[in-house]
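Residue numbers (this note's numbering): 10 to 879.
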C-alpha cells in the first residue's frame, strides 16, 4: 500500500514564479490606448496564443511605444515557444533601454541560462543591487514591491520576512491585486507547505479565476491530499489555456502515476508542440522510455532535455523523482545524484534524494542530506519534519533477528515486539519460498504509535489518513494500533500484506504496476487467514455489477483519483480479485513467470497474453465475467431495494413492507434490527436466520452474526452463541467484540485452548489493552505453555494496575519454574512491595532463598543435596 509522493518538482513552481509572474503583471488602469493594447496582448498570452502575443509585442517595440512590460511579454512569449536565442536578443535590447527594470532582471536569469552567449547576469545583478540599495523608491509601485520580494528571495532572504514585508502588505492593501496571492502561494509550494498554499489561493480575488495560473497553482496545492480537487483544478487551467505547458506537464505527471503511459505520451506531444525544446517535456519522455525498458530512448530523451542548458539540474531531478515514485528507487537515486552533481546548491534535488535514500534504507547518507537541507533552508517543511522524526526514531527500540530490523516505541516493543518479529519472520519465510526469491537483507520495519510520525516517515509530510502501512522495497512503515483510535485494524494482516510487497517488489526489481502489487498482497492476506481477506459488502457488490468495474488492463488507474474512500477500498478489492482470476486461469507458476518477466524489464501488456494465453481484450472480458460472477454468487437470492420507510418505523411496518419484497437484503436487515431493539427474541431469531441466509458473507455493520449472538445470549444458549460468534470470527479479522465474548464463553466452559485462540485473535488487532493478556496468561498456565504465560504476565504487569501484586506473584512463580531465579526474585519483591502481607508471595520468596542456599554437589554425579530445614 502506498500513496504517491509529491507529484511536482518544486523547481517547476519556482521557475513559473520567476519567469511568468515577473513578466506578465496586472496593469493599473491608466485609460491609455497603449495600456489597453498591452492588456489585450497579455490576454492572448494567458489563453495560449503565444505567437500572436509575441507579434503584438514586436510591433509595439518596432513603433517605439514599448515599455518594459511590452519587452517582458515579448521575451516570455519567445521563451514559452522555445525560441531561446530570439529571447536572448530581446533581453539584451530591453536591458539596454531599461537597465533598472526588476521585471526584466528577474526574467533575464532564466533567459541567460538558456543562452550562454547572452550578456552576463553578474553585471545586471550588480547594477540592480546598487539601484535597490541607493534608490529603492524606484520600486514603489505594486508591481515594483512584488518584484522586490522576488528579488530578495532570489538573494536568499528569509522567506517569512519577504512575506511580512512585501506579500502580506500587498494582499491586505490591494485585495483585488491577484499577483501577491500567486507569489505567496508559490512560495508556500516551494517550501512544500501545501495547506498554506491552498489557503492563500482561497483568499485571492474572484477575478483570479480568469487566469489559468490560479487553477494550476491550486492543482499543485491539492495534489498531495485531494487528487480529485487537483484534477478538477488542472482541467480548469487547461480549459482557459489548452496550450499551457506547465499544466500539460502536470497532466502528463498524473497520467504516468496512473500508468496511462500512452495518454501521457500524447499529452507530452502537446506540450512539446508548444515548445519543442521544453526540458521537462523531454525529461518526462526519458521517464517513459525507462519504464518501457528503452535505454537508448531514455538516453536520447535526456540528451534532448539538457540540450538547451547542459547544467540544468531540474532535468535529472524530475527523472529521479518520477522513477522514485514508480518505486525505482535505485535508478531514481542515481538520477538525483546526477542533478546534485550538476548543481550542489539545488535543494529540490537534495530534498528528493534524501527521501529516496531513506526509502532505500541508506539512512546514513539520507539523514546527512536532511541536515544539509535544514542548514540551508530552515523553512523547508519536509526537511524540518524529517529532522524532528529522526530525533524521535533515536528513542525507538531496535530488535534485530534473522535479517529483520524492527524499530518500535519502547513501550510497545516491550508489549508485543516479539509477536511482531515472529510474524515478520514467518511471512518472510513463507512468501519468499512461494514466490521463489531471496528477500533483501536486512528488511527494515518501523511501527509508529503516532499517525503524524508515520506520515512524515512515509511521505515527508503530515496527513496520510486511512493508510495503515507502506512498503518501499526493503523498508516498511506502519501505524501501530495506538494511532488508529478506538477501532484499530488487524495489525498482523497489515504486516503480512507489507511483507508480501517486500517479496514481490524484490522479485520484480520494483518494476510492477500498482494494481498487481496491491492485488497480490491482498490476495495473500486472504490465503493466510480468510478473516484477513476483503469481505464482500452490498456496496462493493453493486459496484461490481454496475458500471464502476475497471478493466483488468487499466486497473492501476482506479488508484489515481478515487471519488471516495469506498472507491479506494474497491480498487484494492478488485485488484485482489484480478489476481485470484489470473491464478485460477493460468496457475501460480504463470503468476511467478509474470513477475519474472516484469523484473526483466518487459511490459505487462506484452507478457500478460503470453503467460495467460489470452489477449488483453479476452482478459478484460473474462475478468469482468469472473468479477460479476463473484458478485452474483455472494447473495444470489437477495434483492437490493432501498427502504422507503421512516427510520423509526417499527417491526410491524417493516414486516408489511417486506410482504411485497420478500428477499430484500435491506428489508430483512432493518426488520432484524428492529426486532432485537424491541426485544422480540423468537421473532428476531427467525428474521436473523433469513437475513443471514440471504448474504452469509456479510460481516459489516448490523450483521446477522452479532445480532444472532445477542439473541442466543438472552436465551442463555451458550453453545449457539459460541457457534455463531466463532463463525463471525472466522470471517472478520477485526471482530474484537466477538473475540472478547468468545474468551468469556470458553473460560466459563473450561476450554482453555479456545481462550488462548481468541486472546491471540484479539491481540492481533489490539495488543495495547490488558484483557487479552490476562486471559491468555491464565490459559497458557493451564495449557502448560510457560513461555507464553510469562510473556503475557509481563505485558499485563505493564498495562494493568488493578491487581499488580497477583500479576507479579504469578510471573515470579513461572520464572522460578523456568529456572530464572534472579528474575523471579525481582518479581516477587515487586509483589510484596504492592502487598506486604501477601502470604503466597512470602512463601515463594522463602522458596527462592532456599533454592539459592543449595550448593551444587562436588564431582560429576552424586545424590541430590538434602533441602536444609528452616
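Built from N, CA and C at the ideal position, the CB exists for glycine as well.
Residue j beta carbon less than 7 Å from that of residue i
i: residue 107; j: residue 133; result: no
i: residue 62; j: residue 54; result: yes
i: residue 713; j: residue 697; result: yes
i: residue 641; j: residue 704; result: no
i: residue 344; j: residue 320; result: no
i: residue 519; j: residue 337; result: yes
i: residue 415; j: residue 454; result: yes
i: residue 508; j: residue 437; result: yes
i: residue 801; j: residue 821; result: no
i: residue 503; j: residue 487; result: yes
i: residue 112; j: residue 69; result: no
Euclidean distance between Cα positions of residue i and residue j
i: residue 34; j: residue 196; result: Confidence at residue 34 is low in this model, with a pLDDT of 42, below 50, so the placement of that residue should be treated as unreliable; the coordinate-derived value is given next. Roughly 17 Å between the two C-alpha positions.
i: residue 765; j: residue 534; result: 22 Å
i: residue 317; j: residue 219; result: 32 Å
i: residue 522; j: residue 71; result: 55 Å
i: residue 444; j: residue 601; result: 6 Å
i: residue 843; j: residue 834; result: 14 Å
i: residue 511; j: residue 413; result: 12 Å
i: residue 669; j: residue 754; result: 40 Å
i: residue 466; j: residue 588; result: 30 Å
i: residue 2; j: residue 586; result: Since the displayed the chain opens at 10 and closes at 879, residue 2 lies outside it and no answer follows.
i: residue 619; j: residue 603; result: 9 Å
i: residue 292; j: residue 310; result: 6 Å
i: residue 862; j: residue 855; result: 11 Å
i: residue 49; j: residue 334; result: 41 Å
i: residue 39; j: residue 124; result: Only weak support exists for where residue 39 lies, its pLDDT of 36 falling under 50; the value from the coordinates is given anyway. C-alpha separation (whole angstroms): 35 Å.
i: residue 662; j: residue 579; result: 34 Å
i: residue 784; j: residue 731; result: 17 Å
i: residue 178; j: residue 245; result: 29 Å
i: residue 831; j: residue 494; result: 39 Å
i: residue 213; j: residue 233; result: 21 Å
i: residue 790; j: residue 633; result: 52 Å
i: residue 366; j: residue 441; result: 24 Å
i: residue 163; j: residue 180; result: 21 Å
i: residue 312; j: residue 498; result: 49 Å
i: residue 506; j: residue 676; result: 36 Å
Where the beta strand (DSSP E) containing residue i begins and where it ends
i: residue 487; result: 484-488
i: residue 406; result: 406-410
i: residue 454; result: 452-457
i: residue 446; result: Run containing residue 446: none; DSSP gives neither H nor E here.
i: residue 623; result: Where residue 623 is concerned, there is no enclosing beta strand (DSSP E), given that its DSSP letter is neither H nor E.
i: residue 153; result: Element bounds for residue 153: not the beta strand (DSSP E) but the alpha helix (DSSP H), 151-163.
Residue i: CB within 6 Å of a non-hydrogen atom of the ligand COA
i: residue 526; result: Judged by which ligands are present, the structure shown has none, so any question about the ligand COA falls away.
Start and end residues, alpha helix (DSSP H) containing residue i
i: residue 415; result: Note, residue 415: premise wrong, no alpha helix (DSSP H); beta strand (DSSP E) at 413-417.
i: residue 778; result: No alpha helix (DSSP H) holds residue 778; DSSP gives it neither H nor E.
i: residue 254; result: 254-266
i: residue 71; result: 59-71
i: residue 329; result: 322-334
Cutoff 7 Å: residue i Cβ touching any chain B Cβ
i: residue 132; result: The chain labelled as chain B is not found in the depicted structure, where only one protein chain is given.
Point to revise | Cβ contact (3+ pairs, closer than 8 Å) linking the segment 521-537 and the segment 803-810 | key: no
Exercise for review: Write down every uninterrupted run of the alpha helix (DSSP H) in the segment 809-840 whose length is 4 residues or greater and which is fully enclosed by it, in chain order.
Suggested key: 813-826
**Study point:** Given 8 Å, three or more beta-carbon pairs between the segment 771-784 and the segment 415-430
**Key:** yes
**Study point:** Contact between the segment 542-558 and the segment 506-522 (3+ Cβ pairs under 8 Å)
**Key:** no
Review point. Could you give the uninterrupted runs of the alpha helix (DSSP H) lying entirely in the segment 187-240, keeping only those of 4 residues or more?
Key: 188-199, 203-211, 221-231
Check your understanding: Are there three or more Cβ pairs, one per stretch, closer than 8 Å when the segment 700-709 is compared with the segment 734-746?
Key -> yes
Practice item. Flag this pair as touching only if the segment 394-411 and the segment 453-468 have three or more C-beta atom pairs under 8 Å; answer yes or no. Key: yes
Check your understanding: Per the contact definition of three or more C-beta pairs closer than 8 Å, is the segment 649-661 in contact with the segment 573-593?
Key -> no
**Study point:** At least 3 beta-carbon pairs within less than 8 Å: the segment 242-256 vs the segment 279-293
**Key:** yes
Practice item. Could you say if the segment 810-824 and the segment 838-852 meet the contact criterion of at least three C-beta pairs nearer than 8 Å? Key: yes
Check your understanding: Is the segment 346-363 touching the segment 372-392, taking contact as three or more C-beta pairs under 8 Å?
Key -> yes
**Study point:** 4 or more residues per run - each alpha helix (DSSP H) lying fully within the segment 509-547
**Key:** 523-537
Practice item. Please specify which runs of the alpha helix (DSSP H), each continuous and at least 4 residues long, are wholly inside the segment 76-148, giving them in chain order. Key: 77-89, 93-106, 111-122, 130-143
Check your understanding: Are at least three pairs of beta-carbons, each pair with one atom in the segment 604-611 and one in the segment 540-549, less than 8 Å apart?
Key -> no
Review point. Does the segment 219-239 come within contact of the segment 180-194, defined as at least 3 CB pairs closer than 8 Å?
Key: yes
Check your understanding: Does the segment 558-573 touch the segment 624-642, meaning 3 or more C-beta pairs lie closer than 8 Å?
Key -> yes
Check your understanding: In the segment 569-631, which residue ranges form an unbroken beta strand (DSSP E) of at least 3 residues, counting only runs that do not cross its ends?
Key -> none
Check your understanding: Going along the chain, which unbroken runs of the alpha helix (DSSP H) with 4 or more residues stay wholly within the segment 679-725?
Key -> 690-703, 713-723
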